[in-house]
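Participant:
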Amino acid sequence: PAITSATVHAAETVTAGVSSASHAWFRNIDRRIFFSLLLPGVLGGMLGATLLAHVPAHTVRPFVWAYLLATSLVVLARVILKRSPLRAATTAVGVIVFVLGAAGLFVTLG
342 PAITSATVHA AETVTAGVSS ASHAWFRNID RRIFFSLLLP GVLGGMLGAT LLAHVPAHTV
402 RPFVWAYLLA TSLVVLARVI LKRSPLRAAT TAVGVIVFVL GAAGLFVTLG
């Protein structure tokens, strides 16, 4: 899994860089959201990469499943409650989104 993850993320680097440059060029970045996700994203990514290097895949698999379930439930809750992402971020759901943001990079980069 570690080699596969490294290969996929190496391939994504160019497309993510071009996408980021495009958003910056057209000033399509919400700085408040960007900076609120910056620290948990970086920390989650570093911890995820470290975890994947030291823990067997069968041990991590249930946590990935739980993360995917939690993010799906957040999306469904937003649809059912008819809340926009920005309005939801100012309520208690914002805490959940913050945690899921960190966990997402933890799982994705790991």
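342 is the number of the first residue of the sequence shown in the working numbering; add one for each residue after it. We put the beta carbon where it would ideally sit given N, CA and C, even for glycine.
#1: Whole angstroms is fine: what's the gap from residue 379's alpha carbon to residue 371's?
#2: Please tell me whether residue 393 and residue 401 are closer than 8 Å, where the distance is taken between their beta carbons.
#3: Just to confirm my understanding: we take residue 421, look at its own chain, exclude 5 residues before and 5 after, and list those with CB closer than 8 Å. What are they?
#4: Give the DSSP-derived three-state secondary structure of residue 367 in the structure shown.
#5: Which residues bound the alpha helix (DSSP H) around residue 420?
Facilitator: Quick look at the numbers:
#1: Working through the sequence shown from its first residue, we reach residue 379 at position 38. Working through the sequence shown from its first residue, we reach residue 371 at position 30. Roughly 12 Å separates the two Cα atoms.
#2: Counting from 1 along the sequence shown, the entry for residue 393 is found at position 52. Counting from 1 along the sequence shown, the entry for residue 401 is found at position 60. The answer is yes: Cβ separation under 8 Å.
#3: To locate residue 421, count along the sequence shown from 1; it is residue 80. No residues qualify anywhere along the chain.
#4: Counting from 1 along the sequence shown, the entry for residue 367 is found at position 26. Looking at residue 367 - three-state DSSP - the assignment turns out to be coil, as it is neither helix nor strand.
#5: Along the sequence shown, read from residue 1 onward, the residue named residue 420 stands at position 79. From DSSP, the alpha helix (DSSP H) with residue 420 extends over 398-422.
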